[in-house]
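The next block holds one structure in the form of structure tokens; read it before the comments.
There are 2 protein chains.
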Amino acid sequence: MRFISETTSNGVSERLFTLGDVPGVLWSPLDATGSRPLVLLGHGGGQHKRAAGLVARAHRYVTAHGFAVAAIDAPGHGDRPRTEQDERITAGIRERRAAGEPLGPDVARHNAALAARAVPEWQATLDALQRLDLVGAGGPVGFWGVSLGSAIGVPLTAAEPRITAAVFGLAGHEPLAEAAARVTVPVEFLLQWDDELVPRDAGLALFGAFSSREKTLHANPGRHAGVPAFELESSERFFTRHLLRGDAPAEPAGSSAGVEGR
Amino acid sequence: MRFISETTSNGVSERLFTLGDVPGVLWSPLDATGSRPLVLLGHGGGQHKRAAGLVARAHRYVTAHGFAVAAIDAPGHGDRPRTEQDERITAGIRERRAAGEPLGPDVARHNAALAARAVPEWQATLDALQRLDLVGAGGPVGFWGVSLGSAIGVPLTAAEPRITAAVFGLAGHEPLAEAAARVTVPVEFLLQWDDELVPRDAGLALFGAFSSREKTLHANPGRHAGVPAFELESSERFFTRHLLRGDAPAEPAGSSAGVEGR
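Those protein sequence lines, which keep their order, are chains A and B.
Using this note's numbering, you'd call the opening residue of the first sequence number 1 and step up by one each time.
Using this note's numbering, you'd call the opening residue of the second sequence number 263 and step up by one each time.
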């Protein structure tokens, strides 16, 4: 892991790095020492490791909770070379969005191919991050990523026992269900009720496929890009519950939740 | 509204009252003066106004946020007389639960009949509560109730413009959809993925029927009575967001939620 540059703002250090030919970014509290929870952020399709939403989320996690946060460019994204197929798929998605059509099996296959490359890249990144003093080995690790971030994050979480909690969503293609069935850590899953790219039933089916004892579906009205702002806070609480408080898997609230009876 | 008794514990005043022949309970901060948000709690079927879950929730809302909280016995519940039909329906539900069968249309019809009586009772209760100094008129009012609490609460909220935010769930019978379509205030809706009494599709359909611009579905694995403890906190944040902070309806987070891209 080679660090290339460091900038700081509002008490947050942002360091760009490369690991082999994969470019990444690490956010952490300024002058952080000692181990801390780590959250990995997976960006959406057509986006990159420093997309505005990821930067805002990283700053929040660092300043409010002292987490370390990292993102890498997915294959064919950000500062990485794009193949002819990448360009063709991107153009195809643009056309489907313009036409209001759901993403088809070609995109699901392309994303699965991206994931097959991205999963070992994330694992090597996690190895390197855990060798840093300010992260450390053996601590809690969260993953957040929706849409393409889930196409990669679900198989990553299935393969990677170091990830202890994950936020996914805006995804529901068939190939993901098999990986989801191997995920057992707590999951918060975002679904947009009127998602023009992911059919509602496909999203519900993917939520159903996770083997996690604790999994919680948050569905809201609106299109693919319309996740409401309050879900930002909800994801944050999900991570603090699982990465900081180290809660045991959720138990039914029983009578204390006031839902006794019918 | 005639107050019958007052007990206090942990800084919470609990006053039993009757309004006509409807028995109720009001929780409030000890020595509260001046208006404050009010939350109405609807109990589940076979339960009553002082079920353990309602008491725990009321104490939390009073001590953490200074809300006033009220509950009344539904027709045929708690301290109210039960008709022969009430007894028959209750026995039928017990049998269906034992057999693992969903609640049928007979229960839905019975609940609709209960709701037709309970809605004006709740409205008269709200009139009386808002005449109290410690509640006041014109302030924010929330409703929380799942299962039978929703069978009554959904038509109540549809009919009652003073209710400004509501938590519903564990319900999905056909007659409720029509009332749900007349609800426009923010709604948080709880669904149990493996609910033995309410088919999953019926719950999803009821969520879909609300006309609210902000509505959020929280689905969790488990049976009817297995709502996880973290949903207690979530309902509380929902009410503080809408009754205290007075948020405008949710706006898409756009790029700040990091969900740009696909």
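The beta-carbon is built from N, C-alpha and C at its ideal position, and this holds for glycine as well.
- Within the region 132–203 of chain A, the alpha helix (DSSP H) runs of at least 4 residues that lie entirely inside it are, in chain order, 148–159, 174–180.
- A413 (chain B) is not a Cβ neighbour of L453 (chain B), given a cutoff of 7 angstroms.
- Within 10 angstroms of the beta-carbon of L30 (chain A) lie fewer than 16 other beta-carbons, which makes it exposed.
- Under the three-state reduction of DSSP output, F67 (chain A) falls in the coil class, being neither helix nor strand.
- Nearest neighbour of V489 (chain B) by Cα position, chosen from A:L103, A:E214, A:V141, turns out to be A:E214.
- Per DSSP, the beta bridge partners of I334 (chain B) are B:G286.
- Within the region 482–502 of chain B, those residues whose Cβ lies closer than 7 angstroms to any Cβ of chain A are, in chain order, N482, P483, G484, H486, A487, G488, V489, P490, A491, F492, E493, L494.
- Neighbourhood of K477 (chain B) in chain A, by CB distance below 8 angstroms: N220, P221, in chain order.
- Of all C-beta pairs linking the region 24–38 of chain A to the region 132–148 of chain A, three or more are shorter than 8 angstroms, placing the two stretches in contact.
- In this structure, the beta-carbon distance from H435 (chain B) to E458 (chain B) does not fall below 7 angstroms.
- Taking the CA atoms as reference points, A441 (chain B) sits about 45 angstroms from V69 (chain A).
- Taking the Cα of L176 (chain A) as reference, the smallest distance to any Cα among A:L126, A:F238, A:T83, A:G208 is reached at A:G208.
- A:P105 is the residue among A:P105, A:S212, A:F67, A:Q47 whose C-alpha sits nearest the C-alpha of A202 (chain A).
- V39 (chain A) carries a strand assignment under DSSP once its states are collapsed to helix, strand and coil.
- Between V274 (chain B) and V317 (chain B), the C-beta spacing is not below 7 angstroms.
- When only Cα atoms are considered, G484 (chain B) and H305 (chain B) end up about 20 angstroms apart.
- When DSSP states are grouped into helix, strand and coil, L16 (chain A) belongs to the strand group.
- In the DSSP assignment, H110 (chain A) falls within the alpha helix (DSSP H) that extends over 105–130.
- The three-state reading of DSSP puts E236 (chain A) in helix, counting H, G and I together.
- Here E276 (chain B) really is in contact with V287 (chain B); their C-beta atoms are around 6 angstroms apart, less than 8 angstroms.
- The criterion of a C-beta distance shorter than 7 angstroms is satisfied by A428 (chain B) and V449 (chain B).
- Take D194 (chain A), set aside five residues on each side of it, and the residues of its chain with a beta-carbon closer than 7 angstroms to its own are P221, G222, R223, in chain order.
- Here H310 (chain B) really is in contact with D335 (chain B); their C-beta atoms are around 5 angstroms apart, less than 8 angstroms.
- Taking C-alpha positions only, L281 (chain B) is separated from A99 (chain A) by approximately 58 angstroms.
- In this structure, DSSP gives E493 (chain B) a helical state, which the three-state scheme calls helix.
- Distance between H321 (chain B) and H59 (chain A), taken at the CA atoms: about 35 angstroms.
- Annotation for A481 (chain B): no alpha helix (DSSP H) segment contains it, though the beta strand (DSSP E) segment containing it runs 477–482.
- The alpha carbon of F168 (chain A) has as its nearest neighbour, out of A:L232, A:L244, A:R94, A:L103, the alpha carbon of A:L232.
- Going by DSSP, R358 (chain B) is part of no beta strand (DSSP E) but of the alpha helix (DSSP H) stretching over 346–361.
- When DSSP states are grouped into helix, strand and coil, R264 (chain B) belongs to the strand group.
- Its chain contains F451, L453, F469 as the residues whose beta carbon lies nearer than 7 angstroms to that of L479 (chain B), once the 5 sequence neighbours on both sides are disregarded; these appear in chain order.
- Apart from sequence neighbours up to five positions away, the residues of its chain that approach G145 (chain A) with a beta-carbon distance below 6 angstroms are G42, G153, ordered along the chain.
- Taking 8 angstroms as the upper bound for CB-CB distance, V447 (chain B) and T426 (chain B) are in contact here, some 5 angstroms apart.
- When rounded, the separation of the alpha-carbon atoms in L505 (chain B) and A326 (chain B) is 13 angstroms.
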